[in-house]
Amino acid sequence: MKNIFHGRAARIVLMIPLAGCLCYPSVALADVILGSAQNFAVLGASTVTNTGPTTIDGDLGVWSGTSITDFADITLTGTEHLTDAVAGQAQSDATTAYNALASLAAGTVYLIPTDLGGRTLDPGVYEFSSSAAVTGTLTLDAENNPNAVFVFLIGSTLTTASSSVVDVINGGAGTGVFWDVYSSATLGTSTNFAGNIIADASVTLDTSATICGRAIALTGAVTMDSNTISNVCAANGTLNSELGDFGSQGFAGNGATNTPEPGTVPLLCAGLLVLAFCGWRSRKRAA
-8 MKNIFHGRAA RIVLMIPLAG CLCYPSVALA DVILGSAQNF AVLGASTVTN TGPTTIDGDL
52 GVWSGTSITD FADITLTGTE HLTDAVAGQA QSDATTAYNA LASLAAGTVY LIPTDLGGRT
112 LDPGVYEFSS SAAVTGTLTL DAENNPNAVF VFLIGSTLTT ASSSVVDVIN GGAGTGVFWD
172 VYSSATLGTS TNFAGNIIAD ASVTLDTSAT ICGRAIALTG AVTMDSNTIS NVCAANGTLN
232 SELGDFGSQG FAGNGATNTP EPGTVPLLCA GLLVLAFCGW RSRKRAA
């Protein structure tokens, strides 16, 4: 009897951490995390400046600054909001989103300046204690998860080298990509970028850089130079087909919910729990 008790106790101890695996959550965000800022493709704080022919699909706004320079060279599919209540609310919602993203627990933490070029990343929250860069191609694999979310919490600056690419593959209508930048973001010449940049300070787009997503500056300027920014990036649309957003409205993550989704590891743990239980039952019958 004593041996039987010890054997059962050992199995229970083994099963406790396995049960914990079932509670391992995926990245979860509230619906429409960007709030009214989702309607914008470009949203500045102090000002929005432009040089050369720029195309913006989505609203363009500034608050609490009062100027958008070289507006005549901007082709805008959307509405201009210059220091109005709509822009003010969008800035408030963007700040809320910025803080909500910053509060997420990171699954991966980089303690030194890190270049993400040449890597393929799975959905999750990635935190950078310092700066982050992209040189070459960064691939974000949504793994055919309709609600896959990528969050990058960058403790300093975000920069990309000329002709760099952030490419999202195997995505869906709920795919979200968010770049929470604690300082400023600069996209190099001819960069093809995917996701929503929310920078505490400024966002600068060098010549011919494109964004499928949004450029949002919370306290500083958005600076453009012959760019294309779209918050709806259908394949073969305004942006090239490589930056199609799978119907996710510029990788806004609207399909993500607060309900945890089982991933590969939790499912494996569940299987082990079933096996452990079945083994105990069979040994009980044999006894």
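Residues -8 to 278 (the numbering used here) make up the sequence shown, in order. Ideal placement from N, C-alpha and C gives every residue a C-beta, glycine not left out.
Residue burial annotation: Ile103 is exposed, with fewer than 16 other C-beta atoms found within 10 angstroms of its C-beta.
The stretch 110 to 123 makes no contact with the stretch 70 to 89; the number of CB pairs closer than 8 Å stays below 3. Between the C-alpha atoms of Thr60 and Ala212 there is a straight-line separation of about 11 Å.
Of all C-beta pairs linking the stretch 196 to 206 to the stretch 68 to 81, fewer than three are shorter than 8 Å, placing the two stretches out of contact.
Under DSSP, Ile202 shares a beta bridge with Phe184 and Ile220. Among the bridge pairs identified by DSSP, Glu71 is matched with Leu51.
DSSP lists no bridge partner for Ile103. Per DSSP, Asp158 is not a residue of any alpha helix (DSSP H); the beta strand (DSSP E) it occupies stretches across Val156 to Ile160. The Cβ-Cβ distance between Gly98 and Ser120 does not fall below 7 Å.
Distance from the CA of Asp191 to the CA of Gln82, rounded to the nearest whole angstrom, comes to 11 Å.
Burial is judged here by how many other beta carbons sit within 10 angstroms of a residue's own beta carbon; Thr166 has at least 16 and is buried.
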